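Quick mapping for you: the protein sequence lines, in order, are chains A and B.
Counting in this note's numbering, the first sequence runs from 45 upward without gaps.
Counting in this note's numbering, the second sequence runs from 132 upward without gaps.
So the structure is just underneath, and the comments pick up after that.
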Amino acid sequence: MASASPTVDEPLVKLSDVNFAYGSRPILTGINMTIPRGKVVAIMGSSGCGKTTTLRLIGGQLRPISGEVQVNGQMVHALDSTGLYDLRRRMGMLFQFGALFTDMSVYDNVAFQMREHTDLPEPLIHDLVMMKLHSVGLRGAHDLMPSELSGGMARRVALARAVALDPMLIMYDEPFAGLDPISLSIIGELIRRLNDALGASSIIVTHDVQESLKIVDYVYFVSAGKIVAEGTAEEIKASKTPYVHQFIWGEADGPVPFQYPARSYGEEMMERISGRA
Amino acid sequence: MPDASDNTLGNKLNRFLTNLGAGVTSRIWRLGFACRFFLEIFLQSGTALRRFNLTIREIYFTGVLSLIIILVSGLFVGMVLGLQGYDTLQRYGSSDALGVLVSLSLVRELGPVVAALLFASRAGSAITAEIGLMKATEQLSAMEMMAVNPIARVVAPRFWAGVISMPLLAALFSAMGIFGGYLIGVQLIGVDEGSFWSQMQASVDFREDIINGVIKSFVFGLIISWIAVFEGYDAEPTAEGVSGATTRTVVTSSLAILAADFILTALMFRGL
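And the structure:
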C-alpha cells in the first residue's frame, strides 16, 4: 500500500527516469520532473513531443515502461484500480476541448462528481455547484447545455468541473488552444487564482508561450521526448538554448526543422528523371 | 518506387499470406476483446441496477423512442400477412385459419426477428454512435479521470436498457401485427370474426409459442446491445471511425440475429 505519509516539503508529483513508448516508437526518454506543492508548473514543447503523454502517466491512464511516477507519495503505476480511483478523486483534469458531458446541462456537469462520489444532499450540492460556477463567472449559465456554450465558456465550465471536489492536483491539457485573446487571459488568470485559492498544485501542458509565462512558477521544456531546458519564467525568457529561443520567439526554422525528415530533394528529382529516361 | 523484385510470385504469395494471417489474428483478437468486454459489463453492472433510474433513462431513449417504428412496422407486416395468408388459405377452403397463421408467424418468427432488425438499426446504431462520439470527444477519458468507471456509468445502463426493451418491443410488434391481420382479414375481407379469434386461441400454445418467442427476443436483445456498446467503445476516436463502427453495428447485429434465429429455432422446434 501507500508509503509513509508524505511531508509538506516533499514534492506532490515526482517523475524519475521515466521512459515510455507506444509499441516500438519511443515517446518519452529519461524524464525527471518534480512538481512542488502549491506551484503552477508548465510543460512546454511543440505538438507531438510527449507533453500529453506525461499528463496521462501522472493520471495513471498510461504506465511507464521504466522509471517511477509518484503522486503524493504513492507510486501511481503500482496502484490497483481501487487505489488509482481513490487517487484520481483528488486530481482534477481539464481536457483540451473541455470534454463536457454533452447530454447534461452545465449544472449537472459540475455536480457530476459530487453526485457520484459523495452522499451530499441535493440542496448542498446546489450551493457547491453555484459556488464553483460563480468562481469561473458562469453562475448565470447553469441551465445551458454544452452545445449552447462558446469555446471559452465551455473551457470555464470544464474548469469548474475539474475543481468540483477541491483537488490537490489540477492538470490542464492545452487550456489555451483555440481561444480568443480575452478568453485566453480569463482562463490564464483563473488557473492561477484557483490554484492559490484551493491550495492546490497545477500542471499546465501547453504550447502557448506568452500566456503561460505570465502565470507559471516553473517551466519544463520537452522536445522529442526529452527535457531540453527548465527554469523559472524569467530564466526561460532569457534562455540562450537554441531550441527554447526558437520556441519562445516563434521562429520558423532552427533546431526544429521546417521540413519533415525526408531524403534530399535533389536526389529524389534525379531519380525521377533517370526513371523516366 | 517499388522494386522489380517485389513482384515475383514468391513475394506476392508471401505478402498475401502475411495479410491473411494478420487479418485473421486481428479478428480473433477483437473477438476475444469483445468477450472480455461482455464479462466486464456483467461485473460492472452493480451501478446500473442499484441506481436503476440511470437504466430507466436509457430505456426511454432506446425503447420508448423506438415505439413508433416498431408499432407502425408491426401493423404493416400484420396487414401483409392478412392479405397473403388469406390468398393462400382460401385456395384450400381454410380461410378460417387465418388467425392461426397470422399469430403463429408473428409470435414465433416475425415478431422477434423483424423487431430485432428494426431495433438494431434504430437503437443499436444510436448507442454505438453515442458511445463512439463520447470517446472521440474525450468524455470517457474525462469520466475515468474523475474516478468514475465508464463501463459502469455509460455502457452497462445502455446494455441493460437494450436487453429489457427488446422483448417488450417484440411483444408489441406481434400484438400490433395480429391487429393488422385482423383489420385486413376480418374487417376488410370478411373472414368470420369468431373463428379468427377462437382458432387462434386454440392453436397458440403459451409455452411452445409465446415463451419461445420471448426467449428469442431476449437473446436478440443481448446480441444487439452487446454488439452496439462494444462497437461504440472500441470505435476509433475519429469521425470516420465512429461512422464505420455504426455501420458495423447494424451489419453485424443483423447477421447475428438471423444466424441466432436459425440456431434457436432448430433447438426449440426439434420435435416437428
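All C-beta atoms in this analysis are idealised placements derived from N, C-alpha and C, irrespective of residue type, glycine included.
If you're wondering where the values come from, they're calculated on a predicted model, not measured in any experiment.
Check your understanding: Under the criterion of a Cβ to heavy atom distance below 7 Å, does A/Pro225 qualify as lining the ligand GTP?
Key -> Questions concerning the ligand GTP fall outside what the structure shown contains, since it holds no ligand whatsoever.
Check your understanding: Per the contact definition of three or more C-beta pairs closer than 8 Å, is the region 319-339 of chain B in contact with the region 227-240 of chain B?
Key -> yes
**Study point:** Interface partners of A/Gly103 on chain B, CB under 7 Å
**Key:** Within 7 Å Cβ-Cβ: Met276.
Point to revise | Proximity below 8 Å, CB of B/Gly209 to CB of B/Leu303 | key: no
Practice item. Measure the C-alpha to C-alpha separation of A/Gly74 and A/Ala268 and round it to an integer number of angstroms. Key: 11 Å
Exercise for review: Can you check DSSP and say which residues form a bridge with A/Gln114?
Suggested key: A/Lys58 and A/Met119
Check your understanding: Sorted by chain position, which residues of the same chain lie with C-beta nearer than 8 Å to A/Leu106's C-beta, five sequence neighbours on each side aside?
Key -> Phe64, Thr97 and Arg100
Check your understanding: What separation, rounded to the nearest whole angstrom, lies between the Cα atoms of A/Ala48 and A/Gly117?
Key -> With a pLDDT of only 48 at A/Ala48, under the threshold of 50, the placement of this residue in the model should not be trusted; the figure read from the coordinates follows. Taking the straight line joining both Cα atoms gives about 8 Å.
Point to revise | Candidates B/Ala390, B/Asn145 and B/Met265: closest to A/Phe141 by CA position | key: The closest CA to that of A/Phe141, considering only B/Ala390, B/Asn145 and B/Met265, is found on B/Met265.
Exercise for review: Please list, in chain order, all residues of the same chain as A/Lys176 whose beta carbon is under 7 Å from its beta carbon, the five residues on each side excluded.
Suggested key: Non-local beta-carbon contacts of A/Lys176 in its own chain, meaning distances under 7 Å to residues more than five positions away in sequence, involve Val154, Ala204, Val207 and Ala208 in chain order.
Review point. Comparing alpha-carbon positions, which option in A/Gly104, A/Glu160 and A/Leu138 lies nearest B/Arg181?
Key: A/Glu160
Review point. My guess is that B/Ile388 and B/Ala247 are in contact by the Cβ rule of under 8 Å, so how many angstroms apart are they, rounded?
Key: Right, the Cβ-Cβ distance comes to about 5 Å (below 8 Å), so this counts as a contact.
**Study point:** Test: B/Thr268 CB closer than 8 Å to a CB of chain A
**Key:** Chain A, which has a Cβ nearer than 8 Å to the Cβ of B/Thr268, makes this yes.
Practice item. Return the chain-ordered list of same chain residues with a C-beta closer than 8 Å to the C-beta of A/Met45, the five sequence neighbours on each side being excluded. Key: Because the pLDDT of A/Met45 is 40, which lies under 50, any placement of that residue in the model is unreliable, and the number read from its coordinates should be weighed accordingly. Closer than 8 Å at the Cβ level, and outside the excluded window around A/Met45, lie Gly127.
Review point. Where do the N-terminal and C-terminal ends of the alpha helix (DSSP H) with A/Arg69 fall, by residue?
Key: Taken as a continuous stretch (DSSP letters only), A/Arg69 belongs to no alpha helix (DSSP H), being part of the beta strand (DSSP E) at Arg69 to Ile79.
Exercise for review: Give the straight-line distance between the Cα atoms of A/Gly310 and A/Arg316, rounded to the nearest whole angstrom.
Suggested key: 10 Å
Review point. For B/Leu174, is the classification buried or exposed, using 16 other Cβ atoms within 10 angstroms of its Cβ as the cut-off for buried?
Key: exposed
**Study point:** Endpoints, the beta strand (DSSP E) within which B/Ile320 is located
**Key:** Element bounds for B/Ile320: n/a, residue is neither H nor E.
Check your understanding: Over what stretch of residues does the alpha helix (DSSP H) that includes A/Leu234 continue unbroken?
Key -> From DSSP, the alpha helix (DSSP H) with A/Leu234 extends over Pro225 to Leu242.
Check your understanding: Which residues in the same chain as A/Ala198 place their Cβ atom closer than 8 Å to its Cβ, once the five residues preceding and following it in sequence are excluded?
Key -> Phe141, Gly142, Leu144 and Pro190
Point to revise | Residue-level contact to chain B via CB, A/Arg133, 8 Å cutoff | key: yes
Check your understanding: Can you tell me where the beta strand (DSSP E) with A/Leu138 in it begins and where it stops?
Key -> Met135 to Leu138
Practice item. Spatial neighbours of A/Leu131 within its chain, please: CB distance less than 8 Å, with the 5 preceding and 5 following residues excluded, ordered by chain position. Key: Gly104, Val115, Asn116, Gln118, Val120 and Leu123
Point to revise | Proximal residues of chain A, C-beta to C-beta of B/Val244 below 9 Å | key: Within 9 Å Cβ-Cβ: nothing; B/Val244 doesn't reach chain A, min ~31 Å.
Practice item. Compare the C-beta of A/Tyr309 against all C-beta atoms of chain B and say whether one is closer than 8 Å. Key: no
Exercise for review: Report the residue from A/Leu164, A/Ser179, A/Lys281 and A/Val272 whose alpha carbon sits nearest the alpha carbon of A/Val260.
Suggested key: Measuring from the Cα of A/Val260, the nearest candidate turns out to be A/Lys281.
Exercise for review: Report the residue from A/Arg81, A/Ala86 and A/Pro108 whose alpha carbon sits nearest the alpha carbon of A/Leu59.
Suggested key: A/Pro108
Exercise for review: List the residues of chain B that A/Ile139 touches, going by C-beta distances under 9 Å, in chain order.
Suggested key: The sequence shown places Phe at residue 139 of chain A, rather than the Ile named in the question. Result: Thr268, Glu269, Gln270, Ser272, Ala273 and Met276.
Review point. Is the beta carbon of B/Ala254 sitting closer than 8 Å to the one on B/Ser305?
Key: no
Point to revise | Residue-chain proximity (B/Val231, chain A), Cβ-Cβ < 8 Å | key: no
**Study point:** Length of the line joining the Cα atoms of A/Lys270 and A/Gly181
**Key:** For A/Lys270 and A/Gly181, the distance between alpha carbons rounds to 38 Å.
Practice item. State the start and end residues of the unbroken alpha helix (DSSP H) segment that holds A/Val173. Key: In the DSSP assignment, A/Val173 falls within the alpha helix (DSSP H) that extends over Glu166 to Ser179.
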